[in-house]
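A.B. asks: Numbering (my numbering), first residue to last: 42 to 469. C-beta atoms are modelled at their ideal positions from N, C-alpha and C, and glycine is treated no differently.
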Ligand code: EPZ
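Set out below in structure tokens:
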């Protein structure tokens with residue numbers, strides 16, 4: 042188990058380099074299995090989930106090298122395995138997306154079903170239905186999805202909900218299907234646009250990225266190329282909220298304003314001053330945030346992944362805020378941990394009523410998932426005294442060197458890491 046101690050009261054100021062997008066990298070690595078040839082990915086974040094996906098690609102037979110601080114090369118010309126075990130899929134849900142690329146490449150794939158997680162059931166019914174529509178025979182037995190297709194064929198797919206994962210997974214799978222595939226009510230997230238641009242760089246023919254209407258014209262083969270991952274809007278959003286939480290003044294170097302608009306407009310409502318520069322975004326926090334209401338929605342709505350850090354910030358706002366979480370059924374569990382620090386949050390169904398208190402006080406708390414951990418760090422930065430956050434390895438899954446980057450901005454943190462035999466937090 043590992044933990045971090047955050048001492049509150051330090052004002053953050055300075056420049057923070059924003060790393061590449063974790064969620065974009067995971068989708069792109071799953072798609073890399075389609076190509077025969079060498080792929081060079083740049084601006085890859087060094088986070089736990091990326092290492093898990095590296096492990097998955099190597100397990101399937103791809104050659105994967107991690108070199109430099111942010112470069113990963115992948116060569117999936119020769120795949121020698123078509124099964125992905127539960128031990129790997131349970132570590133990181135997005136590894137389920139190798140089902141479609143392995144199937145499209147080899148005509149067969151058997152991948153463990155990902156379970157639920159702390160924020161919700163996380164079903165994959167849209168993924169499975171879409172792969173069946175592309176002509177695969179699919180069976181679900183013993184916790185595995187088995188898919189067979191001698192030749193995938195284009196189809197017209199409609200999503201009841203603009204699922205990010207299902208859009209990524211089916212865009213990848215349809216890239217090698219014969220004919221045209223359309224996806225209606227597709228996800229519009231920047232990470233989906235990044236994936237589509239990456240696949241087109243390998244020779245795919247995808248149109249409509251960033252809209253609800255995707256069209257994928259299948260091709261016979263994809264080949265290697267180089268590609269640079271977009272910056273991580275969730276990391277940038279987390280640091281912007283941290284600046285607000287401490288009344289600080291920080292520069293988010295490399296952040297893409299156009300990807301962060303939903304979060305930045307809410308932060309401005311809460312009293313932040315935002316200024317855009319050619320290579321990033323300056324965020325200056327007010328002495329105390331103003332209360333504001335938030336409803337999480339698919340992009341271009343307010344992202345659910347920023348709900349948790351935002352709730353922490355609004356727990357000390359000058360009024361009452363209401364946050365409505367429309368994507369996940371249980372993404373407020375961490376509020377109990379904030380309550381231990383003095384926050385006044387009432388959960389009613391999928392809404393949190395947050396009555397701002399003058400200050401939080403440091404306390405021992407536990408991170409239940411990646412973004413909950415980030416929320417507790419935000420709370421610790423604001424609290425009086427020390428906050429000890431256990432199970433901090435959740436945060437390492439999606440934030441690169443978070444504590445180092447915070448300390449470089451003036452935060453006071455201490456990291457205690459016990460090396461659990463056989464469990465590598467971040468392999469190199
Ligand atoms: C992606 O998860 C992200 N993960 C999540 O980020 C993010 O919270 C989520 O999109 C929403 O933006 C990655 O990109 C690796 P969804 P995903 O499919 O693809 C329902 C983080 O912190 N649904 O868009 O799993 C589902 O239950 C993580 O980085 C179905 O019903 O999200 C949920 O209510 C956490 N059936 C909604 O759609 C399906 O087949 C959104 O899920 C698929 C989804």
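Around the C-beta of residue 181, are 16 or more other C-beta atoms found within 10 angstroms, so that it is buried, or is it exposed?
C.D. replies: Translated into positions along the chain shown, residue 181 becomes position 140. Exposed is the call here.
A.B. asks: Sorted by chain position, which residues of the same chain lie with C-beta nearer than 8 angstroms to residue 98's C-beta, five sequence neighbours on each side aside?
C.D. replies: The sequence position of residue 98 within the chain shown is 57, counting from 1. Correct list, in chain order: 70, 73, 74, 105, 115, 117 and 139.
A.B. asks: Tell me whether residue 175, by its Cβ, gets closer than 8 angstroms to a heavy atom of the ligand EPZ.
C.D. replies: In the chain shown, the residue the question calls residue 175 occupies position 134. No, the beta carbon of residue 175 sits no closer than 8 angstroms to any heavy atom of the ligand EPZ.
A.B. asks: Report the partner residues of residue 292 according to the DSSP bridge assignment.
C.D. replies: The residue given as residue 292 occupies position 251 in the chain shown. DSSP lists 56 and 323 as partners of residue 292.
A.B. asks: Cα-Cα, which of 440, 428 and 439 is closest to residue 455?
C.D. replies: For the purposes of this step, residue 455 is taken as the residue at position 414 of the chain shown. Of 440, 428 and 439, the residue nearest in Cα terms is 428.
A.B. asks: Suppose the cutoff is 6 angstroms on Cβ atoms and the five residues either side in sequence are ignored; what does the same chain contact list for residue 65 look like?
C.D. replies: Here residue 65 corresponds to residue number 24 of the chain shown, with the count starting at 1. Hits under 6 angstroms: 232, 235, 270 and 271.
A.B. asks: Roughly how many angstroms separate the alpha carbons of residue 309 and residue 329, rounded to a whole number?
C.D. replies: Along the chain shown, read from residue 1 onward, the residue named residue 309 stands at position 268. Along the chain shown, read from residue 1 onward, the residue named residue 329 stands at position 288. Their backbone Cα atoms lie some 13 angstroms apart in a straight line.
A.B. asks: I'd like the span of the beta strand (DSSP E) that includes residue 337, first residue to last.
C.D. replies: Counted from its first residue, the chain shown places residue 337 at position 296. First-last for residue 337: undefined, no H or E at that position.
A.B. asks: For residue 496, count neighbouring C-beta atoms within 10 Å of its own C-beta (all shown protein chains included) and say buried if the count is 16 or more, exposed if not.
C.D. replies: Because the chain spans 42 through 469 in this model, residue 496 falls outside it and cannot be assessed.
A.B. asks: With 9 angstroms as the threshold, decide whether the Cβ of residue 432 is near any Cβ in chain B.
C.D. replies: Among the chains in the structure shown there is no chain B, since it carries only a single protein chain.
A.B. asks: Could you tell me the distance, in whole angstroms, from the CA atom of residue 292 to the CA atom of residue 324?
C.D. replies: In the chain shown, counting from the first residue as 1, residue 292 sits at position 251. In the chain shown, counting from the first residue as 1, residue 324 sits at position 283. Spanning the two alpha carbons is a distance of roughly 6 angstroms.
A.B. asks: Any heavy atom of the ligand EPZ closer than 8 angstroms to the beta-carbon of residue 391?
C.D. replies: Here residue 391 is taken as the residue at index 350 of the chain shown, counted from 1. No; taking the cut-off as 8 angstroms, the Cβ of residue 391 has no heavy atom of the ligand EPZ nearer than that.
A.B. asks: Counting only the same chain and skipping the five closest in sequence on each side, list residues whose C-beta sits under 8 angstroms from that of residue 457.
C.D. replies: Counting from 1 along the chain shown, the entry for residue 457 is found at position 416. These residues qualify, in order along the chain: 43, 44, 45 and 46.
A.B. asks: Using the three-state DSSP reduction, which class does residue 110 fall into: helix, strand or coil?
C.D. replies: Residue 110 sits at position 69 when you count from the first residue of the chain shown. Residue 110: coil per DSSP, three-state reduction.
A.B. asks: Could you tell me whether the segment 255-262 touches the segment 418-435, where touching means 3 or more Cβ pairs closer than 8 angstroms?
C.D. replies: No: fewer than three Cβ pairs fall under 8 angstroms.
A.B. asks: Please list, in chain order, all residues of the same chain as residue 143 whose beta carbon is under 8 angstroms from its beta carbon, the five residues on each side excluded.
C.D. replies: For this step, residue 143 is matched to residue 102 along the chain shown. Excluding residues within five positions, the ones whose Cβ falls inside 8 angstroms are 74, 101, 120, 123, 125, 149, 150 and 152.
A.B. asks: Using alpha carbons as the reference points, say which of 340, 358 and 411 lies closest to residue 385.
C.D. replies: As a first step, residue 385 is located in the chain shown; it is residue number 344 there, counting from the start. That would be 358, whose Cα lies nearest to the Cα of residue 385.
A.B. asks: With distances taken between CB atoms, is the gap from residue 209 to residue 228 smaller than 9 angstroms?
C.D. replies: Counted from its first residue, the chain shown places residue 209 at position 168. Counted from its first residue, the chain shown places residue 228 at position 187. Contact: yes.
A.B. asks: Rounding to the nearest angstrom, what Cα-Cα distance links residue 347 and residue 281 in this structure?
C.D. replies: By one-based count along the chain shown, residue 347 stands at place 306. By one-based count along the chain shown, residue 281 stands at place 240. Taking the straight line joining both Cα atoms gives about 11 angstroms.
A.B. asks: Given 8 angstroms as the limit, tell me if residue 206 has its C-beta closer than that to any heavy atom belonging to the ligand EPZ.
C.D. replies: Taking the first residue of the chain shown as position 1, residue 206 is located at position 165. Yes.
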